[in-house]
Amino acid sequence: MSAFIGNELCIESLQNDVVDINRLIIKLIGNVDEDFKTLSWKFPNKNALHIDIDSLIECHKFVPNCMQNKEPTDNEVNHIVSLELLIDRCMLMFEVTNHLLEKQIGCTTSDDCSKSLTETIQSLYSHLEQIKSFGLKNFDYYSNSNKTSEPSEKMINEKLDTNSLKPFQKLLNSDDSEALLILDEIAEQLKSHLGNQHIPSKLQNSEIRENEIEKFYENLCCDLQRLLKYYSQQKMEKDELSIKCEKIEKNLKFHSLLSLNCQKELKNDKNTFQTKIDSLDEDIKQLHLQIKMKDDLLNLKNVKIEKFIKDENISVMEKKELLKKNEILEQSKEELNFIKESFKLVNKNNTEMEQKLNQIKSENKILNSKNNEIIQENEINCKNIDNIQNHNKELDKKRKSLIDKLVEIDQKYENLKCENITLKENNNKECTKNEKLNEKILMKNMENKTLKKKSDKFEIELKNQINLLKEKREKIINLNDEIIKLKENDRLLEKNYPEFNANVTEDQNDMKKTNVAYDMNMQIKANIRRIEKMKKQNIELNCLIKEISTKKTETNDSCYESNLTDIKDNEKENMYTSKDYDLLFEQHVDKASENKKQINNETLNAIGIYSHIKKLNTISDENSNTSSAQRRILVSHRKSNRRYCCNSCKRSYLSVHALKSHEMYCSM
């Protein structure tokens with residue numbers, strides 16, 4: 002065996018067995034109480050249920066290419082540890098099964114947290130032996146023990162119909178032929194009762210669920226079937242015992258009559274035989290006396306005859322007479338011989354009668370022994386009958402207690418019926434309300450979908466507008482750069498032509514009013530401010546849209562997840578908020594349309610300004626190359642071109658193109 006220590010196959014098979022047993026233990030632990038504690042066999046200071054087997058197996062797996070020295074290697078240690086773990090898990094499985102058996106049988110569990118392997122196996126074997134001899138005593142345990150199991154508690158708490166008492170009362174006074182019919186009636190009533198879904202008092206306070214109700218009624222069906230089986234078996238046993246008792250009583254009566262008749266016959270036979278024997282004895286005595294008398298007479302006569310023959314003086318006549326007498330005596334002898342033979346026959350008959358008497362005495366002894374045996378059997382049967390009667394009394398007491406419990410159950414059942422009716426009415430009302438709420442929720446979901454579609458379109462439009470605003474911003478930045486260049490060109494012109502600047506100071510204020518560059522700068526600044534406002538408004542709109550979408554999703558989730566009572570309380574608020582959301586959405590759409598119009602107007606203005614600035618740039622480039630005289634001509638030309646005025650706002654422009662762009666802006 003030492004050659005196999007450290008073998009890879011052995012280690013893997015042991016570890017697989019440990020894992021399988023651990024899985025089975027995990028399934029069994031679900032039926033064990035939380036207070037159940039056992040110490041580990043391998044780790045005595047730890048609870049066996051809290052040991053991590055998977056981590057231990059991973060730590061002690063087979064190590065390939067391990068050096069084999071004289072000392073124990075890693076693989077040998079892993080092999081031994083896996084064996085110890087297997088013993089530990091087997092020990093735990095035995096203890097858990099032992100605990101479950103004790104719980105089901107109703108035995109008191111031991112206080113020791115852990116035991117040796119032999120003790121656990123012995124206790125498990127003893128519990129299995131108890132289960133073999135347990136039989137129908139489970140019902141007595143469920144009804145009499147203090148630690149009632151779950152089915153008995155359910156049978157006490159659950160209710161039967163009032164009509165179910167009548168068949169049970171009939172069974173107490175029923176015959177063999179009627180018992181089966183009554184049991185069938187009880188079974189049908191129980192089936193009809195179990196078909197109706199009555200909710201017990203335990204489930205009224207908790208959340209009512211279909212799975213729990215089905216489990217509850219399945220357990221109730223099982224308990225009632227056990228009760229019926231037990232009751233039917235007790236009834237059958239009672240009937241069998243009553244039949245046996247009747248047979249035993251009949252046999253006892255028959256044997257007692259036989260014994261009395263035999264005793265009477267024996268007494269009569271004894272009396273008759275004794276009378277016959279006495280009569281025969283008297284006859285024999287008389288015959289003996291007669292024979293003696295006759296023998297004596299014959300002897301005397303013979304003696305006389307001899308004497309007479311010897312006497313010569315006797316005559317012939319006398320001799321003849323004597324001869325005749327002698328013949329008569331011979332005849333009497335023959336008679337005596339016949340009597341002797343008859344006496345022998347009488348003796349034979351007497352011996353035969355004595356033999357018969359002896360036989361009768363022996364038979365009488367046998368009959369007496371049988372009679373004693375019958376008397377003993379009768380005493381045993383009487384004891385059995387007393388035990389049966391006591392058992393029947395106990396059964397009657399149990400039946401009475403069951404009937405009392407059934408009466409209490411019926412009273413509770415009537416109360417439960419009333420409560421069940423109220424619960425059904427409340428459930429129907431709640432179902433109608435739930436249906437209405439579900440319809441409202443569906444309508445709200447449809448509205449939310451439409452709002453989502455609108456919001457998606459609005460977001461797409463906003464993105465497009467943002468892209469347009471970015472493009473316009475880039476254009477405005479380019480315009481600002483060009484304005485800066487124009488200002489630099491003006492500075493250069495002022496430096497190059499100071500005389501012209503001195504003459505122009507008088508008309509500078511008038512030029513500011515009608516100067517295109519000045520107007521363009523002011524318009525650009527105003528456009529920048531408007532663009533910033535529009536951006537802020539767009540940001541606010543995006544935030545509001547997100548809030549609306551989140552609120553709608555929250556309202557949908559709350560409608561599905563919240564309880565019915567919360568939906569009833571918040572129904573009006575949800576309706577009010579949805580209307581507000583619709584109004585807000587319409588307002589935001591209106592604002593977006595207005596902003597869109599403003600952006601379009603600003604784009605048109607910016608396009609006109611950009612074209613005008615290009616023309617001014619070309620003019621400034623030309624002016625930089627011209628002389629001061631040409632500059633004055635241009636200024637005079639500009640003053641002469643002030644007649645291009647707007648009809649609406651009476652603002653003058655140098656070029657026709659600028660005036661047209663301004664008129665487009667005013668018309669918008």
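Count along the sequence shown starting at 1, add 1, and that's the number in the working numbering. No residue lacks a Cβ here, since even glycine has one placed at the ideal position from N, Cα and C. Predicted, not measured: the structure shown is a model, and the values here were computed from it.
Identity of the residues DSSP links to residue i by a beta bridge
| i | result |
| --- | --- |
| L493 | DSSP, once it has assigned bridges, lists no residue as partnering L493. |
| N48 | L40 |
Residue interval of the alpha helix (DSSP H) (run including residue i)
| i | result |
| --- | --- |
| I30 | E9 to I30 |
| D55 | I54 to C60 |
C-beta atoms of residue i and residue j nearer than 7 Å
| i | j | result |
| --- | --- | --- |
| Q123 | I58 | no |
| K43 | D89 | yes |
| L87 | D18 | yes |
| I12 | F63 | yes |
| T39 | E85 | no |
| S41 | K47 | yes |
| L102 | H61 | no |
| N23 | I54 | yes |
| E77 | I6 | yes |
| N379 | L258 | no |
| L267 | N365 | yes |
| I389 | L242 | yes |
| C263 | L368 | yes |
| I249 | N382 | yes |
Residue from the options whose Cα sits closest to the Cα of residue i
| i | options | result |
| --- | --- | --- |
| E697 | M92, E533, E247 and L102 | Limits of the chain in this structure are 2 at one end and 669 at the other, which puts residue 697 out of reach. |
| V33 | M94, I6, N76 and V82 | M94 |
| K526 | N481, N543 and N369 | N481 |
| K239 | E364, E335 and N393 | N393 |
| Q235 | K445, D397 and K476 | D397 |
| D270 | N359, R531, Q131 and L470 | N359 |
| E475 | I532, E431 and K430 | I532 |
| C246 | L346, I386 and E426 | I386 |
| N348 | R400, E395, S370 and K286 | K286 |
| L469 | N446, K418, I376 and M535 | M535 |
| H100 | S370, I81 and Y126 | Y126 |
| E9 | P65, L50, I52 and D36 | P65 |
| N272 | I340, M354, N338 and D297 | M354 |
| K357 | D75, I278 and I410 | I278 |
| K265 | I361, K325 and E335 | I361 |
| L261 | I292, I375 and R492 | I375 |
| L463 | M237, Q332, E595 and E489 | E595 |
| N539 | R492, Y414, Q466 and I442 | Q466 |
| N528 | I484, Q412, I477 and E489 | I477 |
Task: Start-end ranges of the alpha helix (DSSP H) lying completely within the region 391-469, minimum 4 residues - done: none
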